[in-house]
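*Asks:* Heads up: take any position in the sequence shown, counting from 1, add 1, and you land on this note's numbering.
Where is the CB? At the ideal position from N, CA and C, for every residue including glycine.
Source: prediction; values computed, not measured.
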Amino acid sequence: MANTLPPTYDRNGRHPLSPNVDHDEIARFNFLTNLNVHIGQRVSPGNRTAFENRVSPKYKRETGHPLETRQQVRDAMKKDPFYQCWAALRRNTMEQRQQAGRHVVLRQLDDLIESAKQHNDGKETLNIDSSAEVPPYLAAVDNHCMPGSYYTEIVPDDVLAGANYETGLFITTAGSMSSKGDGGGRSIVNFVRQRFPDFSPKRILDLGAGIGSNTLPLAEAFPDAEVVAVDAGAPMVRWGHARAQALGYDNVRFIQADGDSLDLDPNSFDWVQTTMFWHETSTSAIHGMMEKVHALMAPGGLFLNVEQPNFTPETSLFDQFTRDWDAWYNTEPFWSKLHVMDVFDVMKTAGFSSEKMFDGGTEADIERGQFQPWSSTVSRHKAESKESGDAKHNAYKGSDSTLPDGMKRVEKSDNKPWYRTSSQTDINNMTDTQKKNYIRTGNKNG
Ligand SMILES: C[S@@+](CC[C@H](N)C(=O)[O-])C[C@H]1O[C@@H](n2cnc3c(N)ncnc32)[C@H](O)[C@@H]1O
Numbered sequence: 002m003a004n005t006l007p008p009t010y011d012r013n014g015r016h017p018l019s020p021n022v023d024h025d026e027i028a029r030f031n032f033l034t035n036l037n038v039h040i041g042q043r044v045s046p047g048n049r050t051a052f053e054n055r056v057s058p059k060y061k062r063e064t065g066h067p068l069e070t071r072q073q074v075r076d077a078m079k080k081d082p083f084y085q086c087w088a089a090l091r092r093n094t095m096e097q098r099q100q101a102g103r104h105v106v107l108r109q110l111d112d113l114i115e116s117a118k119q120h121n122d123g124k125e126t127l128n129i130d131s132s133a134e135v136p137p138y139l140a141a142v143d144n145h146c147m148p149g150s151y152y153t154e155i156v157p158d159d160v161l162a163g164a165n166y167e168t169g170l171f172i173t174t175a176g177s178m179s180s181k182g183d184g185g186g187r188s189i190v191n192f193v194r195q196r197f198p199d200f201s202p203k204r205i206l207d208l209g210a211g212i213g214s215n216t217l218p219l220a221e222a223f224p225d226a227e228v229v230a231v232d233a234g235a236p237m238v239r240w241g242h243a244r245a246q247a248l249g250y251d252n253v254r255f256i257q258a259d260g261d262s263l264d265l266d267p268n269s270f271d272w273v274q275t276t277m278f279w280h281e282t283s284t285s286a287i288h289g290m291m292e293k294v295h296a297l298m299a300p301g302g303l304f305l306n307v308e309q310p311n312f313t314p315e316t317s318l319f320d321q322f323t324r325d326w327d328a329w330y331n332t333e334p335f336w337s338k339l340h341v342m343d344v345f346d347v348m349k350t351a352g353f354s355s356e357k358m359f360d361g362g363t364e365a366d367i368e369r370g371q372f373q374p375w376s377s378t379v380s381r382h383k384a385e386s387k388e389s390g391d392a393k394h395n396a397y398k399g400s401d402s403t404l405p406d407g408m409k410r411v412e413k414s415d416n417k418p419w420y421r422t423s424s425q426t427d428i429n430n431m432t433d434t435q436k437k438n439y440i441r442t443g444n445k446n447g
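Following this line, the structure appears as structure tokens:
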């Protein structure tokens with residue numbers, strides 16, 4: 002078991018604005034992180050057993066035909082007590098994660114706002130637009146159980162949503178996004194470097210950038226580029242800008258705006274990036290914003306999207322049902338529709354040329370040595386680390402049989418084992434349809 006523990010919260014990265022966390026708060030964060038892992042690894046498999054042994058046979062017995070759609074699976078599974086228990090647990094960890102993060106931030110909100118203001122006030126790299134309208138689909142729900150979602154402001158100059166997002170990301174991702182929560186951005190930089198070694202963007206746009214944690218690796222990789230991070234949530238943008246400045250990034254401009262009404266120079270961005278963005282939008286918004294992106298891109302520019310993979314013909318009914326869960330119980334209303342939407346088609350309608358669309362994937366870039374995602378070297382108790390050897394230069398040291406779900410061993414060129422997560426899947430081991438749906442990219446007609 003020791004090998005499967007995530008790192009403890011106090012190994013998480015800190016920066017000059019990071020909220021203080023006390024012993025009990027760290028313990029709560031660690032508990033919830035480990036509870037998430039436990040549910041994912043130990044409890045979740047029981048759903049498949051329920052489906053295969055009870056729910057599916059019962060449905061066939063009662064109706065005379067097998068389950069045929071993911072909606073039917075959901076309706077049938079909803080009556081199963083094991084599934085009910087699992088779903089309640091999952092929902093509860095998400096609610097608790099939000100409360101834990103907000104507890105930390107709210108008790109020191111005045112200080113956090115003051116520190117953020119010191120980095121924000123008078124800066125040309127921050128554009129807050131108090132007249133900007135929150136997109137209706139965003140205003141309609143508290144995304145992933147986050148009270149007030151990304152945009153609510155409870156006091157002037159509020160940073161609560163941004164600070165809470167950053168503070169609790171560790172729990173939501175069970176420590177798998179690196180100590181700065183920037184694993185997605187670092188991975189995409191690797192992808193670009195490998196695939197387009199001569200690409201040297203002058204202007205980069207990150208749409209739906211949140212607090213910019215995945216934007217900063219882009220700014221770091223291309224320090225001469227002007228990077229623009231856009232988000233609809235003012236508290237996200239304020240926190241993101243202050244955080245970036247505190248970390249020494251002065252080539253990133255943060256703008257509060259709805260991506261659908263962006264007032265930026267057309268044909269000017271060499272690279273438009275979205276990371277975990279489209280699933281937070283809506284069917285009508287995705288069409289409009291793709292068109293906007295196309296208009297903003299410089300001829301020959303690159304458009305990269307890291308997003309939930311679509312279902313493929315190989316995705317089983319049970320997996321479709323499971324992956325849809327967030328749409329129904331984690332306030333992610335668009336999640337389910339996006340799974341079956343042909344995003345290439347949307348891009349085509351927006352003006353991208355089908356011949357220039359392609360797919361890609363890259364391995365997760367997690368800091369080696371100091372913050373391995375699942376290493377015994379960062380386990381909670383020293384005693385659990387004794388098998389691990391040199392903590393600085395090794396990745397996961399457990400045996401392959403103890404690898405958590407969704408991770409697999411790969412050999413890097415330096416012959417050290419390294420591990421990939423399912424969200425950063427190795428493209429070489431994907432089916433063609435999976436590849437198509439993993440990262441959708443497109444060159445603008447030049
Ligand atoms: C899941 S977060 C991802 C943030 C960031 N890309 C990351 O990787 O951490 C999605 C973000 O999209 C933003 N968003 C949703 N709709 C938007 C819109 N129409 N225009 C701008 N931002 C939007 C939300 O405010 C939220 O911060």
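Run the proximity test for residue 147: is its beta-carbon closer than 7 Å to any non-hydrogen atom belonging to ligand 1?
*Replies:* Incorrect: residue 147 has no Cβ contact closer than 7 Å to ligand 1.
*Asks:* What residue does the beta strand (DSSP E) around residue 344 start on, and which one ends it?
*Replies:* Note, residue 344: premise wrong, no beta strand (DSSP E); alpha helix (DSSP H) at 344-351.
*Asks:* Which word fits residue 24, buried or exposed, when buried means at least 16 other C-beta atoms lie within 10 angstroms of its C-beta?
*Replies:* It counts as exposed.
*Asks:* I think residue 84 touches residue 51, with their Cβ atoms under 8 Å apart; what is that distance to the nearest whole Å?
*Replies:* Right, their Cβ atoms sit about 6 Å apart.
*Asks:* Indicate, with yes or no, if ligand 1 has a heavy atom lying under 7 Å from the CB of residue 159.
*Replies:* Outside the cutoff, so no.
*Asks:* Drop a sphere of 10 angstroms on the beta-carbon of residue 16, count the other beta-carbons inside from all chains shown, and report buried for 16 or more, exposed for fewer.
*Replies:* Classification of residue 16: exposed, given that the 10 Å Cβ count is below 16.
*Asks:* According to DSSP, is residue 1 helix, strand or coil?
*Replies:* Outside the shown range of the chain (2 to 447) lies residue 1, about which nothing can therefore be said.
*Asks:* Is residue 259 near ligand 1, judged by its Cβ being under 7 Å from some heavy atom?
*Replies:* The answer is yes for residue 259.
*Asks:* Among 101, 42, 57, which residue has its Cα nearest to the Cα of residue 29?
*Replies:* Checked all of 101, 42, 57; the closest Cα to residue 29 is 101.
*Asks:* Taking 7 Å as the cut-off, is the beta-carbon of residue 276 closer than that to any non-hydrogen atom of ligand 1?
*Replies:* Residue 276: yes, Cβ under 7 Å from ligand 1.
*Asks:* Taking Cβ to Cβ, would you say residue 227 is nearer than 8 Å to residue 194?
*Replies:* No; because the gap between Cβ atoms is not below 8 Å, this pair is not in contact.
*Asks:* Within the continuous beta strand (DSSP E) that includes residue 304, where are the two ends?
*Replies:* Segment 298-307, the beta strand (DSSP E) holding residue 304.
*Asks:* Within 10 angstroms of the Cβ of residue 54, are there 16 or more other Cβ atoms? Answer buried if so, exposed if not.
*Replies:* Burial call: exposed.
*Asks:* If you scan the stretch 116-163 from start to end, which runs of the alpha helix (DSSP H) of 4 or more residues do you find wholly inside it?
*Replies:* Complete alpha helix (DSSP H) runs here, min 4: 137-140.
*Asks:* Which residues in the same chain as residue 449 place their Cβ atom closer than 7 Å to its Cβ, once the five residues preceding and following it in sequence are excluded?
*Replies:* Given that the chain is displayed from residue 2 to residue 447, the structure contains no residue 449 and the question cannot be resolved.
*Asks:* Please report how far the alpha carbon of residue 177 lies from the alpha carbon of residue 57, in whole angstroms.
*Replies:* About 34 Å.
*Asks:* With DSSP as the reference, please indicate the residues paired to residue 291 in a beta bridge.
*Replies:* In the DSSP output, where bridge partners are listed per residue, residue 291 has none listed.
*Asks:* Whole angstroms is fine: what's the gap from residue 130's alpha carbon to residue 196's?
*Replies:* Straight-line Cα distance between these residues: approximately 37 Å.
*Asks:* Quick one, which of 231, 332, 357 has its alpha-carbon nearest residue 301's?
*Replies:* Per the Cα distances, 357.
*Asks:* From the DSSP output, which residues share a beta bridge with residue 227?
*Replies:* Its beta-bridge partners are 204.
*Asks:* Examine ligand 1 and report whether any of its heavy atoms sits within less than 7 Å of the Cβ of residue 139.
*Replies:* True, at least one ligand heavy atom lies under 7 Å from that Cβ.
*Asks:* Out of curiosity, what's the CA-to-CA distance linking residue 448 and residue 361?
*Replies:* Past the edges of the chain, shown from 2 to 447, lies residue 448, and the structure says nothing about it.
*Asks:* Note down the Cα distance separating residue 329 from residue 80, rounded to an integer number of angstroms.
*Replies:* C-alpha separation (whole angstroms): 15 Å.
*Asks:* Checking the sheet assignment: what are the DSSP bridge partners for residue 273?
*Replies:* Beta-bridge pairing links residue 273 to 206, 304.
*Asks:* With a threshold of 16 other CB atoms inside 10 Å of the CB of residue 21, please say whether the residue is buried or exposed.
*Replies:* With fewer than 16 Cβ atoms within 10 Å of its Cβ, residue 21 is classed as exposed.
*Asks:* Closest to residue 306 by C-alpha separation, out of 319, 168, 144, 290, would be which residue?
*Replies:* Nearest C-alpha to residue 306: 290.
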